[in-house]
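Peer 1: Just so we're aligned, residue -5 is where the sequence shown starts under the working numbering, counting upward by one.
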Amino acid sequence: MVAFGNQQTFTLASQFGRLNYKFMDRYLFTATVRRDGSSKFYEGNQYGVFPSGSIAWRAKEEAFLKDVKFITDLKFRASYGEVGNQAGIRPFQYLARYSSGGPATSPINVGYPFGGAYQSGLAYVNLDNQSLTWETSRQTDIGLDAAFLDGDLSLTLDYYRKDSKDFLLQIPTASQSGVTNSAQNAGSIRNQGIELGLNYKHTVNDFTYGLGLNLTTVKNKLLSITKNTNFIGNLVNLTTPANGWLQFSRTGIGQAVGEFYGYESLGIFQTQAEIDALNAGAPSGNYQGNSAQRTQPGDRKFRDVNGDGQITADDRTSLGSPIPKFYGGFNLDLAYKGFDFNAFFYGSYGNKIFNYQARNLESFQAPGFVGIQNVSEEYYRNHWSPTNPSNRYARINYNDDVSANNVASSIYVEDGSYLRLRNVTLGYTLPVAVSQKMTLNRVRLYFAAQNLFTITKYSGLDPEIGQPTGTDPNNNNASSNNATASGVDVGTYPSSRFFTFGLNVTF
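1) With a threshold of 6 Å on Cβ separation, who are the neighbours of Leu420 within its own chain once the five nearest residues in sequence on each side are excluded?
2) Give a yes or no on contact between the stretch 139 to 154 and the stretch 116 to 126, applying the rule of three or more CB pairs nearer than 8 Å.
3) What does the Cβ neighbour count give for Lys213, buried or exposed, with the cut at 16 atoms within 10 Å?
4) Which residue from Gly261, Arg71, Asp157, Gly181 puts its Cα closest to that of Leu138?
5) What ranges does the alpha helix (DSSP H) occupy inside the stretch 302 to 373, keeping only unbroken runs of at least 4 residues that lie completely in it?
6) Would you check if the distance between the CB atom of Tyr350 and the CB atom of Val482 is smaller than 8 Å?
7) What residue from Arg438, Tyr452, Val484 has the CA that sits closest to Phe495's CA?
8) Thinking Gly314 and Phe263 are a contact (beta carbons under 8 Å), I'd like their distance in whole angstroms, please.
9) Relative to the alpha-carbon of Val412, which residue among Pro318, Val428, Gln170 has its alpha-carbon at the smallest distance?
10) Let me check one thing: in DSSP terms, what residues is Ser243 bridge-paired to?
11) Under DSSP, the alpha helix (DSSP H) around Gln266 begins and ends at which residues?
12) Cβ atoms of Ser243 and Gly261: under 8 Å apart, would you say?
13) Does at least one heavy atom of the ligand MN sit under 7 Å from the Cβ of Ile83?
14) What does DSSP give as the partner residues of Thr210 in its beta bridges?
15) Assuming Phe161 and Gly78 form a contact by the criterion Cβ under 8 Å, report the distance between their Cβ atoms to the nearest whole angstrom.
16) With 16 other CB atoms within 10 Å as the buried threshold, where does Arg89 fall?
17) Using only the alpha-carbon positions, how far apart do Asp327 and Phe338 sit?
18) Taking the DSSP output, what are the residues bridged to Ser182?
19) Would you list the residues sitting across from Ser131 in a DSSP beta bridge?
20) Please report the straight-line C-alpha distance between Ala443 and Arg29, rounded to a whole angstrom.
21) Would you list the residues sitting across from Thr26 in a DSSP beta bridge?
22) Exposed or buried, which one is Val230 when buried takes at least 16 other CB atoms within 10 Å?
23) Check Thr66 in the structure and name its three-state DSSP category.
24) Give the C-beta separation of Gln249 and Lys221 to the nearest angstrom, bearing in mind that I take them to be a contact with Cβ-Cβ under 8 Å.
25) Can you find the residues in the same chain that come closer than 6 Å, C-beta to C-beta, to Ala25, ignoring five residues on each side of it along the sequence?
26) In the DSSP assignment, what are the bridge partners of Asn120?
27) Since Trp51 sits in a beta bridge, which residues does DSSP pair it with?
28) Whole angstroms are fine: how far does the CA of Gly115 sit from the CA of Tyr92?
29) Tyr504 and Thr210 look like a contact to me (Cβ under 8 Å); what is the Cβ gap, rounded to whole Å?
30) With H, G and I counted as helix, E and B as strand and the rest as coil, what does DSSP make of Gly249?
31) Under the rule that 16 or more other beta-carbon atoms within 10 Å means buried, what is Ala177, buried or exposed?
32) Cα-Cα, which of Asn445, Ile65, Thr289 is closest to Ala271?
33) Gly181 to Ser218, Cα distance in whole Å?
34) Can you have a look at Lys431 and say buried or exposed, based on whether 16 or more other CB atoms are within 10 angstroms of its CB?
35) Which residue or residues does DSSP assign as beta-bridge partners of His377?
36) As a quick exercise: from Ala276, Leu126, Gly454, Tyr374, pick the residue whose alpha carbon is nearest that of Tyr41.
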């Protein structure tokens, strides 16, 4: 066992102030300004100023609405704010740095064997960038709050737009620079959408019922990117953009961040005659692969996107976005005398999931093309063979680099929409007379359950996968969160189902 670790030190300094003003209880105004400084930036760029402000108009207090019984409350509001971010880079990225790469036994050492002994060396590991500055998010909100029917019905509606500019990112550099990437203020992203909250609650005699709905839509796109770069791929620390096995997302200007990217699967080659016919029409004589022998019955067939008669890296295309068209939930509340019931559903719609775990479990070749790994029972029992002509699972091959059956493709991109019963509770409160006989103020018994069921078409363990903590799907402990790896299922442990029986007693 080898113990290792690291320590990073940086400093933050902030000043802020706020002003609130209210006139006639109808017109509201708030202004805030803050100044943040970070030692991660070079002199002259260490401080950023981020203002924000909001206004609101309580229209219900106006004379022309004050006596309108149907409208209980009505307020219009608007806000604008800026927030700085410096978390996307490590300290001292503005300095050129060198490293010895570790001792002689380290696989990343940069020393030399002179005179039969190891001599330490130095390698350039970081390009200096003294122009690095704060990443800034600017958000605008316009909305209203309303209540009707003596408060039984309430509505909240917002339109938001958030522009993030100068976002901090590790951008690949030219190979002759001696380093793989460098920290840069890379471009700008926009998120915009609508947030809706609707609630209704009413009581009839001893029966009370309530319904609630909340929905959020989001449209996301890359507005601009640093010069000399046309797109952002994933796994920039591990692979080149052309690697079809590891690159599964690509973000270009005008596209959603983290859009899945790869080949479009057309099924499985069933016969050699099918392969020969395509090879005959290919300019190189090979429709798919570098030689006719590489493609065999049982291999995947991909679409010729650019129409040049053969499959190359240029045939990769967008395979969908991990960002849902909308997400949200709804709840139901019921109460009758001593009984109470609550159910809350949550879900998303329109997002895709890249089932990276399925891709790994359909390949005997371990990550990094080193060694052999296990496969899923589903794949082992249903893979293509002359006696089992599957159109879903390719043939068994111990060398994926030859068959290309497990490159990033549409076969692993699935509909990630789902609806989940997240919480449900049923309770009963004893009558006051009964509680008082026990010298207690209140006694309530309840049963609660979480994650009872999920409605989804996704074949993985759980459509609510969150986000890998790093850029490498094979290593969930990689460096940092990365938006280009959103929606990638690396075998995340599914949400557990919980059942709880309880007793609440008030003395």
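Beta carbons are placed, not taken as given, at the ideal position from N, Cα and C, and that holds for glycine.
Peer 2: From the atom records:
1) These residues qualify, in order along the chain: Phe335, Phe441.
2) In this structure the stretch 139 to 154 does not lie against the stretch 116 to 126, because fewer than three pairs of beta carbons, one per stretch, are closer than 8 Å.
3) Under a 10 Å Cβ-count criterion, Lys213 is classified as exposed, with fewer than 16 other Cβ atoms of the shown protein chains found around its own Cβ.
4) Distance check between Leu138 and each of Gly261, Arg71, Asp157, Gly181 places Arg71 closest, using alpha-carbon atoms only.
5) Counting only runs that start and end inside the stretch 302 to 373, the alpha helix (DSSP H) elements of at least 4 residues fall at 350 to 354.
6) Yes, they are a contact pair.
7) If we check each option's Cα against that of Phe495, Arg438 comes out closest.
8) At roughly 25 Å, the Cβ-Cβ gap does not stay under 8 Å, so Gly314 and Phe263 are not in contact.
9) Checking the sequence, you will find Tyr at residue 412 rather than Val. Nearest of Pro318, Val428, Gln170 to Tyr412, Cα basis: Pro318.
10) In the DSSP assignment, the residues bridged to Ser243 are Phe254.
11) Element bounds for Gln266: 266 to 275.
12) In this structure, Ser243 does not lie closer than 8 Å to Gly261 by Cβ.
13) This structure simply doesn't include the ligand MN, nor any ligand for that matter.
14) Partner(s): Glu189, Tyr321.
15) Rounded, the Cβ-Cβ distance is 11 Å, inconsistent with contact.
16) Here residue 89 is Leu; the residue named in the question, Arg, does not match the sequence. Counting Cβ neighbours within 10 Å, Leu89 comes out exposed, since fewer than 16 surround it.
17) Straight across, the Cα-Cα distance linking Asp327 with Phe338 is about 9 Å.
18) In the DSSP assignment, Ser182 forms a beta bridge with Lys159, Ser218.
19) According to DSSP, Ser131 bridges with Val77, Ser158.
20) Roughly 46 Å between the two C-alpha positions.
21) Partner(s): Arg12, Ser46.
22) At Val230, the pLDDT of 39 sits below 50, so the modelled position is not reliable; the number obtained from the coordinates is stated separately. Residue burial is scored here from C-beta neighbours: Val230 has at least 16 other C-beta atoms within 10 angstroms and is therefore classed as buried.
23) In this structure, DSSP gives Thr66 an extended state, which the three-state scheme calls strand.
24) At roughly 18 Å, the Cβ-Cβ gap does not stay under 8 Å, so Gln249 and Lys221 are not in contact.
25) If we look at Ala25 and ignore the five residues flanking it on each side, its Cβ neighbours are Leu13, Gly47.
26) According to DSSP, Asn120 bridges with Arg91.
27) Note: Trp51 sits in a beta bridge opposite Tyr21, Phe70.
28) Computed Cα separation, rounded: 10 Å.
29) No information on residue 504 is available, as it lies outside the stretch -5 to 501 that the chain covers here.
30) For the record, residue 249 in the displayed sequence is Gln; it is not Gly. Here Gln249 carries a coil assignment [DSSP, helix/strand/coil].
31) By the neighbour-count criterion, in which 16 or more other beta carbons inside 10 Å mark a residue as buried, Ala177 falls on the buried side.
32) The shortest Cα separation from Ala271 among Asn445, Ile65, Thr289 belongs to Thr289.
33) Approximately 5 Å, taken between the alpha carbons.
34) Exposed is the call here.
35) His377 is not bridged to any residue.
36) The candidate whose alpha carbon is nearest that of Tyr41 is Leu126.
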